[in-house]
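Participant: This is the structure I have questions about; it appears just below.
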Amino acid sequence: MTIALSRPSIDLFDSWAAAVAEFEGGHIDGGGFEQGFVPDRAACEAFVEKAELYATPGAELPEGHVRCDHFWITEGGQVVGFLSFRRELNDWLRRFGGHIGYSVIPSRRREGIVREALRLVLRVAKAEGYQRVMLTCDDDNVGSIRTIEGAGGELEDVIDASEAGQPRVRRYWIELPRN
Numbered sequence: 007m008t009i010a011l012s013r014p015s016i017d018l019f020d021s022w023a024a025a026v027a028e029f030e031g032g033h034i035d036g037g038g039f040e041q042g043f044v045p046d047r048a049a050c051e052a053f054v055e056k057a058e059l060y061a062t063p064g065a066e067l068p069e070g071h072v073r074c075d076h077f078w079i080t081e082g083g084q085v086v087g088f089l090s091f092r093r094e095l096n097d098w099l100r101r102f103g104g105h106i107g108y109s110v111i112p113s114r115r116r117e118g119i120v121r122e123a124l125r126l127v128l129r130v131a132k133a134e135g136y137q138r139v140m141l142t143c144d145d146d147n148v149g150s151i152r153t154i155e156g157a158g159g160e161l162e163d164v165i166d167a168s169e170a171g172q173p174r175v176r177r178y179w180i181e182l183p184r185n
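My numbering applies: residue 7 is where the sequence shown begins, and numbers increase by one.
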């Protein structure tokens, strides 16, 4: 398995649309798009433009949004998941989202895809001078708990997340080695 972090591209439209469809209109962590949108060609083109804007240093973003690199997790040119690397934490992200959000399509879960994608994005963060990054997950998401802790995540706390639509959220920090 060769997992890669790919920049969103209209060239991956068919695979992207199939990946989004697997979530059946539900929320896609790290996807960067609103729940329930229709994954058609126009939506893909709009998202590719959005991803380019959000990745541009100094770009003017909507109120409350932060600079972010959106990636499509790919294997052999097929989209198998989504990952967002948020370059800073606003109040909402500090409480509920963290620097990194991710998801894998339902048919490919439990294959180590997120573990590898997280390893790749942590390399990016380290190369760009980050000393630590925050990740969050639902308190009952055993797979994400194992993934984050396996990457060196240290639990900061578990908070009430009812205002974000979840009962409880675990907040972790991953320290990036200096060398």
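Glycine included, each C-beta is placed from N, C-alpha and C at the ideal position.
Ignore the nearest five residues each way along the sequence and tell me which others in P112's own chain have a CB closer than 8 Å to its CB.
Facilitator: E28 and F29
Participant: Whose CA, out of I79, W22 and G70, lies closest to the CA of D97?
Facilitator: Comparing C-alpha distances from D97 to each of I79, W22 and G70 shows the shortest one belongs to G70.
Participant: Within its chain, find whatever has a CB closer than 7 Å to the CB of I109; leave out the 5 residues flanking it on each side and keep chain order.
Facilitator: Per the sequence presented here, residue 109 reads as Ser, with Ile not at that position. I34, D35, G36, G37, G87 and F88.
Participant: Within the same chain, show all residues whose beta-carbon is closer than 7 Å to that of I180, passing over the 5 residues directly before and after it, in chain order.
Facilitator: L128, R138, V139, L141, A157, G158 and G159
Participant: At 4 residues or longer, and completely inside the stretch 143-173: list those alpha helix (DSSP H) runs for me, N to C.
Facilitator: Qualifying alpha helix (DSSP H) stretches, in chain order: 148-156.
Participant: When you compare only the Cα positions, how much space is there between G103 and F91?
Facilitator: 10 Å
Participant: Does DSSP put D17 in a helix, in a strand, or in coil?
Facilitator: helix
Participant: Report the partner residues of H76 according to the DSSP bridge assignment.
Facilitator: S90
Participant: Which one of P68, E51, F53 and C74 has the shortest CA to CA distance from T62?
Facilitator: C74
Participant: Give the DSSP bridge partners of G104, in chain order.
Facilitator: L141
Participant: Please report how far the alpha carbon of P183 lies from the alpha carbon of I106, in whole angstroms.
Facilitator: Answer to the nearest angstrom: the Cα atoms are 17 Å apart.
Participant: Do D145 and R177 come within 7 Å of each other at the CB atom, strictly closer than that value?
Facilitator: no
Participant: If we ignore side chains and look at the alpha-carbon of each, how far apart do L124 and V148 end up?
Facilitator: 16 Å
Participant: In the DSSP assignment, what are the bridge partners of L124?
Facilitator: Answer by DSSP bridge pairing: none, since L124 is not bridged.
Participant: Contact check, I9 vs E81 under 8 Å by CB: the rounded distance?
Facilitator: 6 Å
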